[in-house]
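Residue numbers (our numbering): 193 to 484.
Structural data, given as structure tokens:
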């Protein structure tokens with residue numbers, strides 16, 4: 193009906209290209225227009241003024257001989273003032289843009305290693321955009337944005353990269369664990385040395401106090417009980433300590449099995465060993481004083 197009345201409707205964000213007797217006539221803006229076909233005018237076609245997007249998958253090889261597939265997203269728009277060139281100069285604009293992307297990507301990526309491709313993807317996108325901008329501006333198109341949205345190496349290459357990364361992280365974790373174990377052992381040794389040092393400092397006064405107590409006990413008992421010798425007093429003290437030790441061992445239910453010499457001469461043997469030790473120590477001290 194619209195064609196019979198010579199009326200055409202141009203939707204928003206669209207322009208129409210008209211011809212008269214097969215020759216370019218003009219550009220129709222959005223709205224309703226009269227195109228009298230009886231005078232040889234007709235609608236040749238429509239052009240969208242919206243931003244269009246073209247995703248290009250380009251397979252190429254890097255400098256280190258790794259095949260990768262780059263996905264370039266090209267966003268472009270028709271320049272309203274150059275609608276005539278955009279309609280008449282390019283027959284298949286999307287395929288021609290794709291050819292330019294292939295040319296730039298396959299000229300840029302082979303000069304880079306695989307790791308550099310990931311790091312310099314923005315530079316690759318700028319190179320593609322610059323080349324497209326120079327080529328498309330004469331055809332009525334303007335490149336809005338060029339993005340490298342994905343870099344897909346071969347599956348085996350991806351697996352190898354993941355294994356390398358996992359091995360590096362495992363090596364780092366092993367090193368850190370070894371360092372932590374080293375610090376732990378050093379601290380444990382320092383703590384043990386400090387504990388032994390403090391224990392030695394505590395045992396020395398304890399032993400001195402025991403010796404002083406035994407000496408006072410022997411002297412006091414010999415003074416209060418006439419006719420007793422220090423040896424008799426010492427044997428009695430050792431006998432008392434012996435039975436106290438047996439009592440303490442039996443009082444602890446969680447004690448391990450302990451073999452203690454027991455018999456009539458056990459206490460005497462212990463006292464004899466202690467007395468011999470004191471005599472040898474006294475003899476050694478006297479010898480050192482004499483030589484000095």
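Yeah, the Cβ is synthetic: ideal placement off N, Cα and C, and Gly gets one too.
Starting from the C-beta of residue 193, find all residues in its chain whose C-beta is less than 8 Å away, skip the five residues before and the five after it, and write them out in chain order. Bear in mind that a pLDDT of 39 at residue 193, under 50, signals an unreliable position, so the model cannot answer this.
Would you call the CB atoms of residue 331 and residue 277 closer than 7 Å? yes
Using CA atoms only, rank isn't needed, just tell me which of 271, 371, 300 is closest to residue 241. 271
Report back the beta-carbon spacing between residue 302 and residue 366 to the nearest angstrom; my notes put them in contact at under 8 Å. Not confirmed; about 38 Å, so no contact.
Assuming residue 269 contacts residue 244 (C-beta within less than 8 Å), just tell me the rounded distance between them. 7 Å
Considering residue 298, what are the terminal residues of the alpha helix (DSSP H) in which it resides? 285-300
Limits of the alpha helix (DSSP H) - the one that residue 317 falls within: 313-328
At 3 residues or longer, what runs of the beta strand (DSSP E) sit wholly inside the stretch 202-258? Scanning the stretch 202-258 from its first residue to its last, the whole beta strand (DSSP E) runs of 3-plus residues come out as 206-212, 215-220, 223-226, 233-240, 244-253.
Can you round the beta-carbon distance between residue 290 and residue 282 to whole angstroms, since I take them to be within the 8 Å contact cut? About 12 Å; that fails the 8 Å criterion.
In three-state terms, what does DSSP make of residue 305? coil
Own chain, CB closer than 6 Å to residue 219, minus 5 neighbours either side, in chain order: 207, 275
Starting from residue 333, trace the beta strand (DSSP E) in both directions and tell me its first and last residue. Element bounds for residue 333: 333-345.
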